[in-house]
Every structure is written in structure tokens, then in C-alpha cells.
């Protein structure tokens, strides 16, 4: 019997983060579930394919999440939903979403969107680095090992 589940928003998850999550799940005897629209082909036996509609992957993933799960996503809104279900959320860059700071992240996202709607430009994500890969692996392992003790 597995110890827990890692659910991955695979539509925007970098390949190296996906491979790292799959390897850690195998090592620690966790189930790794990936979720993506039918536009993305993911080589995973535990893959859930959904419609390509807006937010379809996020809604399916949120509905499938249970307390104690670990969810990998870059979507701050989805992370807020996940935290509300007493699950853990982290980005593919290894930033763990904290329930005490999620409101700040949501407000920051809102302000950036407002700025862009007004014609402003914001920076996109930086290129992925080895440090990102290492931080992600360490953060995911921490959440998984912590989950074993709950």
C-alpha cells in the first residue's frame, strides 16, 4: 500500500520536475498522478486526461485532491484551493505555498494582471536552472516525508 499521493498539474510542469517527482514517488512508495489536457502527451501509467477547456485541468485536479496529498502546480489560484483541502502545494521550482502567505500571493497575482490589462508588461518566468531542480527535489522530498509522519 502506498504512503501518499503526488498530483501534478502537468500542462505547465517542466519535464525535469516531472521526472524528479516520478522518481521520488517510486523511491518513497507514493502514487504519482499527472493531469493534463488532451493536447499534452504524458508518459505515465497514472495519467488523467481532461478537456482542453479553460481551467479544466485545475478543476479536475482540485476535485481529486484529498487531505495530505502533495500537489505540484504553478497556478496560485489552484494552490489556494489545494491548501483549503488541507493538502500541500509547491511549484515546479520548489517554492512551497504556505497557508499564511497564500493571500499575499493571490493579491500579487491580481495586481500583476491589473497592470497587464492596463498595457503594462511583466516578466515571464526565468529559465530553469539546476538550482531549481535541486530546490524542487528537496522541497518535494520534505513534503512527502512530512506526510509520512502525519
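Residue numbers (full-length UniProt numbering): 1 to 150.
The beta carbon of each residue, even a glycine, is placed where N, CA and C say it ideally should be.
Remember, predicted model here, so these are calculated numbers, not experimental data.
Buried versus exposed call for residue i [16 or more other C-beta atoms within 10 Å across all chains shown]
| i | result |
| --- | --- |
| residue 19 | exposed |
| residue 8 | buried |
| residue 102 | buried |
| residue 62 | buried |
| residue 36 | buried |
| residue 129 | exposed |
| residue 51 | exposed |
| residue 60 | buried |
| residue 122 | exposed |
| residue 79 | buried |
| residue 10 | buried |
| residue 126 | exposed |
Residue j beta carbon less than 8 Å from that of residue i
| i | j | result |
| --- | --- | --- |
| residue 71 | residue 139 | no |
| residue 132 | residue 94 | yes |
| residue 30 | residue 4 | yes |
| residue 74 | residue 92 | yes |
| residue 88 | residue 143 | yes |
| residue 32 | residue 57 | no |
| residue 46 | residue 65 | no |
Counterpart residues of residue i in DSSP-defined beta bridges
| i | result |
| --- | --- |
| residue 7 | 33, 71 |
| residue 49 | 36 |
Counting pairs of Cβ atoms below 8 Å between the segment 8 to 25 and the segment 124 to 140, do you hit three or more? yes
So within the segment 54 to 102, which uninterrupted beta strand (DSSP E) runs reach at least 3 residues, ignoring any that extend past its ends? 70 to 72, 88 to 90
Threshold first: 3 residues or longer. Then list the beta strand (DSSP E) segments lying entirely within the UniProt region "Disordered" (114 to 134), N to C. Restricted to the UniProt region "Disordered" (114 to 134), not a single beta strand (DSSP E) segment is unbroken, complete and at least 3 residues in length.
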